[in-house]
Amino acid sequence: MLALDLSIPALAVRGGMGGAVAPPVTALSAIDARGWSAQYSGTPPAFTPDTSPQTVTLNRPGYNSAGSPAMLTEALVLTQRVRQPWPNNATPTAATVALSDYVYSTDTISGVTNNSAEVSPKPIVQWVTPARAVVGNSIGGATNPIELIAFHRNARGGRQVAAVKFLVSDGTTTLSATVAATIVSARTGDRNAVLVYRMPAIDITALNAGLLTVNAEVYPWVGGAASVAKSADSSVAREFSPRLFLKNVGLAANPPYAYVAKAADGGAGIGTPSFSGTVSTTLATAKAAPFDTVQNALTAIHAAYGSTTGVDGCIIMLGDDGGTPHVLTSSTVARTQKIAALTITFDPLRARTACRASFGAAAFRPQLGSLLSGVSEAAIRFDCDIVRTGTATLQGEAAAPLQLIFDNSLTFDNASNSATFLANSHAYHLGTAFLNVSGSATIGPAANEHRLFRGISLQPASVAAGVTLEGWSVIGSAIRNPQFQFGARLAGGGVVAFNTLTDPPTSSIMLQLGQAAGSAPSADVNGFAFVQNMVEYISATGNAVLRISGDSATGNNSHVVVHHNSHAGAHLCGRWNAFYDEGATPRTSKLMSVVGNLGVAFFTKSDVFRGVNESGADASSRTGSWAFLYGVGCQGNFTQFQSADPIGGTQAQAYPGARSRIGTSKLSRKDPQFAAYAGTVTTGSSETAPAYAAGSGGGVYTLGSASPARGLVANGVLSHGLAGTARAAADDTAGAYA
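At position 417 of the sequence shown (counting the first as 1) the number is 417 in our numbering, and the numbers step up by one without a gap.
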């Protein structure tokens with residue numbers, strides 16, 4: 001039975017979206033199959049959506065803050081009369097009008113026939129904390145955080161989704177807890193505020209020891225059962241799929257240690273290193289009889305626990321390396337691992353920088369296997385600085401690929417090696433500071449996966465030393481000159497969010513979706529979030545930073561969420577090329593959500609560009625980008641410059657969305673009042689062909705109190721800004737900073 005959710009008011013209407021509800025005007029006869037347009041009863045008037053909106057009221061199945069079904073009431077605005085395609089683009093249709101957002105097939109409208117074929121998409125969800133840990137009688141909460149991020153086009157009230165239900169199971173009994181609000185994660189290493197849904201602490205005393213499976217169900221504000229994202233529905237490791245833990249109360253409280261030292265230190269209780277040290281659950285005992293190498297420590301751990309719990313939850317602790325890192329070498333025999341990761345860490349009584357590990361002159365192949373049924377990958381967690389000394393790899397097994405969890409703000413010195421370090425292994429990077437990395441080979445997309453970059457620092461010394469990263473999951477990081485790519489894997493489900501991205505490349509595009517050069521060969525994108533990033537373009541060379549099915553692309557896209565990004569730049573320098581339908585291949589962009597962005601300039605192209613600029617015989621059919629053309633799903637955006645044309649022109653939107661403020665010049669900036677601007681600027685006096693001068697970089701992009709970008713987002717979609725400041729639930733500020 002449907003219940004009314006009173007926790008958040010339904011999306012109301014003022015100036016198109018949000019604020020006080022305008023009186024509904026039922027002037028429609030039918031919603032079109034594409035969902036974003038409708039047939040007006042009679043001849044449509046000249047609409048004034050930002051001042052005197054005409055609205056249509058929808059009853060929408062959805063979910064409330066408890067994850068229970070709810071019926072929402074929502075008003076959409078009639079924004080513009082839709083024109084005919086090229087070459088009749090100067091003539092309006094007889095009765096077709098655009099709406100401020102999509103109507104779904106599950107919605108009902110009194111007196112109006114709903115022919116929409118569109119369904120509310122599933123939320124875009126990713127886990128952003130590592131799994132494979134040992135837990136006792138509690139899981140989740142602040143001490144053992146399990147966090148995810150989620151995005152959806154129907155965000156509201158400062159919340160992207162209505163609720164997240166976390167579930168933990170031993171295979172027989174399942175316990176659950178539900179959260180409705182995001183928090184700023186307290187995880188060490190994040191370079192900016194990361195907004196997460198955190199699993200509450202759950203008492204799991206009643207669950208059996210052994211393998212635990214953690215799942216989550218993510219409920220959108222609008223949609224039915226088919227629109228709920230469930231991790232249990234996927235078995236793909238990098239995706240939103242089940243996460244595994246080991247319940248072992250004794251092991252969680254008293255993990256076995258093997259200490260590795262270069263020399264004795266009686267004052268610190270460290271004995272003489274040898275191949276036959278001691279493995280002990282008492283750290284002082286392990287220190288008193290240390291091992292001389294990591295390999296000998298691992299051999300002893302396997303000898304002690306291989307027939308029982310395996311290496312699960314064991315800790316190899318590195319002592320002072322004496323100026324030469326402890327070398328990771330390969331095993332000649334298999335070692336038993338069942339569920340939980342083995343940890344290689346540093347002695348907390350020493351400086352992290354003095355307790356390093358190295359690999360590369362030879363491969364590190366620990367040969368972990370004998371995994372429990374249901375566990376397909378081995379796992380090692382690194383909590384120590386790492387130095388790469390050559391092009392050899394960190395190697396897993398074909399039958400048991402190795403999860404490499406680089407955790408807790410370590411430094412990874414790549415030493416300018418230009419080859420991947422993954423072989424039958426996949427990496428999670430959390431808080432990593434990368435040194436001496438450039439080019440595309442080291443952490444770019446290849447046969448093995450970089451599944452998460454969270455809180456990384458990557459600052460190449462020069463523009464020429466830019467870095468290609470796998471763009472599947474880049475969260476809370478600070479990166480200079482980045483290029484995000486996907487190789488042969490699909491971009492759908494990916495997230496780039498909560499980052500500061502400085503000095504984007506000028507000879508390639510920072511992020512391309514639906515482009516053969518920037519994503520998988522099929523190039524179709526189903527679900528991607530580019531949210532709350534600060535992008536500072538500083539070059540005098542014109543280039544786009546974000547291209548979503550841009551120039552001559554081949555891929556369709558659906559449910560691309562672009563919320564609250566800030567961009568520094570000048571007209572062509574740092575622009576977006578978004579939601580095109582030109583070039584040789586027809587394509588479709590739909591279900592986009594573009595809200596609260598503070599951009600440089602937005603370019604878009606469709607039938608008129610295809611007909612006028614490309615003389616395409618198929619120009620009349622190039623309407624696959626018209627949802628964005630008419631501002632469907634758009635609100636509260638601010639651009640500092642116009643595109644190649646003013647609003648309504650060949651390369652601009654016909655309607656930019658409610659409360660949007662779009663620049664009117666290629667030369668003169670519509671000033672959002674940044675605190676300290678250091679990006680590219682325009683020079684000269686030519687409005688038709690401005691020149692550009694490079695910026696110094698390192699600006700401060702918070703906004704002044706009187707900024708015209710404030711108050712544009714009527715119904716907030718995020719809880720906090722990039723610096724962790726709480727956002728307003730209504731009349732929120734455009735851009736990345738609250």
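Where a beta carbon is used, it is the ideal one built from N, C-alpha and C, also for glycine.
Contacting residues, own chain, Cβ-Cβ under 6 Å from residue i (five flanking each side not counted)
i	result
T506	S539, T541 and N543
A201	S138, G140 and G141
T336	G306, G310 and S370
S552	G583
K670	Q640 and G663
S566	M534, L598, Y701, G735 and A736
R352	F346 and D385
S418	G439 and A441
7 Å Cβ cutoff met for residue i and residue j
i	j	result
T502	A570	no
P672	G631	no
T411	A427	no
P44	R81	yes
T96	P49	no
V562	M510	no
D607	P85	yes
A601	T650	no
A258	G271	no
A363	T324	no
V128	R454	yes
S549	S589	yes
R153	W221	no
S457	A423	no
S593	G158	no
F498	L513	no
T188	S409	yes
Contact with chain C by residue i, beta-carbon distance below 7 Å
i	result
A378	The chain labelled as chain C is not found in the depicted structure, where only one protein chain is given.
Environment of residue i [buried if 16+ CB atoms lie within 10 Å]
i	result
D383	buried
E536	buried
T108	exposed
F275	exposed
V741	A question about residue 741 goes unanswered here, because the residues of the chain that appear run from 1 up to 738.
P504	buried
D347	buried
N533	buried
Y623	Going by the sequence as given, residue 623 is Thr instead of Tyr. Classification for T623: buried.
P401	buried
T725	exposed
N88	exposed
N448	buried
Residue from the options with nearest C-alpha to residue i
i	options	result
F421	G396, F291 and L318	G396
P255	W36, V495 and V279	V279
G583	N637, C634, A193 and Q515	Q515
G711	D385, P130, P145 and H564	H564
R350	D265, A399 and A304	D265
A678	Y701, N192, L72 and R159	Y701
G739	V135, A155 and T393	There is no way to answer for residue 739, as the model of the chain reaches only from 1 to 738.
G663	S440, T174, N637 and T57	N637
A131	A340, D321 and A229	A340
L430	A491, P220, N436 and V194	V194
S235	L58, V375 and S643	V375
S416	P92, T51 and G390	G390
G555	N533, L572 and F579	F579
E377	F609, Q367 and G319	Q367
S52	A229, V77 and M199	V77
S473	A461, N481, G492 and R480	G492
T604	A654, A229 and D101	A654
Close Cβ partners of residue i (< 8 Å) along its chain, the five nearest in sequence each way excluded
i	result
A33	N115, S116 and A117
Spatial neighbours of residue i in its chain, beta-carbon cut-off 7 Å, leaving aside the 5 residues before and after
i	result
A728	G716
S440	T468
A232	N215 and P242
A38	L28, A30, I31, D32, V97 and L99
Quiz item: How about the stretch 596-604 and the stretch 729-737: do they share at least three Cβ pairs that are nearer than 8 Å?
Solution: Yes, since at least three Cβ pairs between the stretch 596-604 and the stretch 729-737 fall closer than 8 Å, the two stretches touch.
Quiz item: Does the pairing of the stretch 352-359 with the stretch 295-305 give three or more beta-carbon distances under 8 Å?
Solution: With a cut-off of 8 Å, the stretch 295-305 and the stretch 352-359 do not count as touching, because too few Cβ pairs lie within range.
Quiz item: Are there three or more Cβ pairs, one per stretch, closer than 8 Å when the stretch 374-382 is compared with the stretch 402-419?
Solution: Short answer: they touch.
Exercise. Inspect the CB distances between the stretch 60-72 and the stretch 162-181 and report whether three or more fall short of 8 Å.
Key: Result yes; three or more Cβ-Cβ pairs closer than 8 Å.
Quiz item: Should the stretch 238-251 be regarded as contacting the stretch 210-220, the criterion being three or more beta carbon pairs within less than 8 Å?
Solution: The answer is yes - the stretch 210-220 touches the stretch 238-251, with three or more Cβ pairs under 8 Å.
Self-check item: Cβ pair count under 8 Å reaching 3, the stretch 687-697 against the stretch 706-726
Solution: At 8 Å Cβ cutoff, the stretches do not touch.
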